[in-house]
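Numbering (the numbering used here), first residue to last: 3 to 568. Shown next, in structure tokens, is the structure this report addresses.
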């Protein structure tokens, strides 16, 4: 295969690892960026995703020469948007080049006129001061033409200027490379790359996110087979404690074109969060087998539960209509699936699901993956991990931050810890269900982080309710208070939604009050375990306990407002 010469500014098709080719442009890397060792690589900015990466020259092809071939091979929506972005770029560049040619013609015309004027002036001055010199200058004229006045002197031949002004651009040519073009790119600084000290990572490229990055092959030994996984950039942050986390970045732009894993996926628990998650897994083409405790209770007289509403027994049927399969027991689901997710309400439910009759533990076989998405305490999740691993299974905890609406929209934030290989295998699932995901290291870390997040959220909600009631009893408008808050630094979707619930008296559950109180209780216990005071959380917990006593357990957490008005 003939070697194609590529330079900065060229449009190319870049192939990154196992991902399909994607349109991009060769740009200048930042000055402090080290090139990866090994074969020659060029720095490419990808259209549509605005990602940057080092790509080996052998993985690059000229854009125009291979355009038809690539378009035929990839019909994805995001791919088409990227191609459209290239065409728009070319259109603007061509218009800019034509304008540049036109401006150049104008400048040359003006310069020529200026030079002619100067010659006329000089000639006029010479004539007035030295007639003899003028005579000498005119004497060489050919064909014996009589001298003319300066005002009648012919202007320079217009043909060259006319040609330049009317010149068409036969083909687009790139401007010379310049570090300023990359420097001024508004997307570039967001994706600024600083090279890791790890030099021999065995990967095809280094992706960019804004912190130290590692090659995808090192972090994702089994990356998703879709190119769009590039936008799940892996961010390494080393905190003072020495712990290391990996973040897969925002997937909001890509989760409409996910290529699902070929592994069989199981899902246990179809509550507020689980239902939205399963729906998104199915929408993105995953093969899913579901199980819900109320469905088992209806068919087999299974163990009791307080986790689902009365209408939950129909949820399995609804998902079956969408293409899911139904498992009779947790053990059956785990034994027939490669990866099984579980999302239940509390530590007791999580333990019952694994250790109970026909539970997960009875279906676990060597190599089977179990992912617990429940919000529980570190002790519970550590115990579950130990029993799963003892049977040869692989364990990952992955509690989710969000609510019912975010679950339905596929915008959850997933906090994972445990077996990193399982985390990698779950990537297409996490892309489908979440906005982003974090890998936090060893088992227990995700549970701790989740409790801290919910402690902050629960305490904030109690403070919102307290402020709204204080406004009411002091004769201030609650609506005006919300309007002011929405214009300030505290403005957020969460704040607005919860205040709207209070104003409308609508406490339909988006996040059950009883569950946020449970998380506050567990967070306080977490603080106790390390002798760390949590007085704010403790105060908020008491308010939620009062709301529960007022029969608000199954309402939204914003119903804590009622604890202040009774």
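The beta-carbon is built from N, C-alpha and C at its ideal position, and this holds for glycine as well.
Residue i to residue j, Cα distance in whole Å?
i: residue 479; j: residue 431; result: 45 Å
i: residue 512; j: residue 562; result: 13 Å
i: residue 140; j: residue 105; result: Legend: pLDDT at residue 140 = 48, less than 50; position of this residue unreliable, value from coordinates given subsequently. Computed Cα separation, rounded: 36 Å.
i: residue 367; j: residue 394; result: 6 Å
i: residue 429; j: residue 436; result: 10 Å
i: residue 542; j: residue 459; result: 10 Å
i: residue 269; j: residue 567; result: 41 Å
i: residue 87; j: residue 58; result: 23 Å
i: residue 335; j: residue 497; result: 39 Å
i: residue 42; j: residue 34; result: 18 Å
i: residue 51; j: residue 521; result: 37 Å
i: residue 280; j: residue 65; result: 39 Å
i: residue 461; j: residue 558; result: 14 Å
i: residue 407; j: residue 10; result: 45 Å
i: residue 327; j: residue 540; result: 44 Å
i: residue 411; j: residue 287; result: 16 Å
i: residue 29; j: residue 375; result: 42 Å
i: residue 565; j: residue 552; result: 7 Å
i: residue 68; j: residue 379; result: 54 Å
i: residue 1; j: residue 96; result: Because the chain spans 3 through 568 in this model, residue 1 falls outside it and cannot be assessed.
i: residue 92; j: residue 293; result: 52 Å
i: residue 481; j: residue 427; result: 47 Å
i: residue 476; j: residue 486; result: 17 Å
i: residue 46; j: residue 79; result: 21 Å
i: residue 453; j: residue 248; result: 19 Å
i: residue 83; j: residue 451; result: 37 Å
What is the DSSP secondary structure of residue i, reduced to helix, strand or coil?
i: residue 38; result: coil
i: residue 399; result: strand
i: residue 471; result: helix
i: residue 429; result: helix
i: residue 86; result: helix
i: residue 286; result: coil
i: residue 343; result: strand
i: residue 531; result: helix
i: residue 325; result: coil
i: residue 437; result: strand
i: residue 517; result: helix
i: residue 10; result: coil
i: residue 267; result: strand
i: residue 567; result: coil
i: residue 92; result: helix
i: residue 248; result: strand
i: residue 555; result: coil
Are residue i and residue j closer than 8 Å when you measure CB to CB?
i: residue 443; j: residue 419; result: yes
i: residue 44; j: residue 25; result: no
i: residue 550; j: residue 515; result: yes
i: residue 343; j: residue 391; result: no
i: residue 271; j: residue 345; result: yes
i: residue 359; j: residue 377; result: no
i: residue 504; j: residue 439; result: no
i: residue 396; j: residue 362; result: no
i: residue 329; j: residue 296; result: no
i: residue 387; j: residue 417; result: no
i: residue 381; j: residue 445; result: no
i: residue 528; j: residue 501; result: no
i: residue 265; j: residue 348; result: no
On the DSSP bridge list, what partners appear for residue i?
i: residue 419; result: 399
i: residue 62; result: 16
i: residue 47; result: 27 and 54
i: residue 485; result: Its beta-bridge partners do not exist; DSSP assigns none.
i: residue 383; result: None; residue 383 has no bridge partner.
i: residue 2; result: Here the chain covers residues 3 to 568 and nothing more, so residue 2 does not appear.
i: residue 498; result: Residue 498 pairs with nothing; no bridge assigned.
i: residue 374; result: 344 and 399
i: residue 414; result: 436
Please classify residue i as buried or exposed, where buried requires at least 16 other C-beta atoms within 10 Å of its C-beta.
i: residue 456; result: buried
i: residue 535; result: exposed
i: residue 54; result: buried
i: residue 101; result: exposed
i: residue 77; result: exposed
i: residue 39; result: exposed
i: residue 507; result: exposed
i: residue 421; result: buried
i: residue 472; result: exposed
i: residue 354; result: buried
i: residue 61; result: buried
i: residue 409; result: buried
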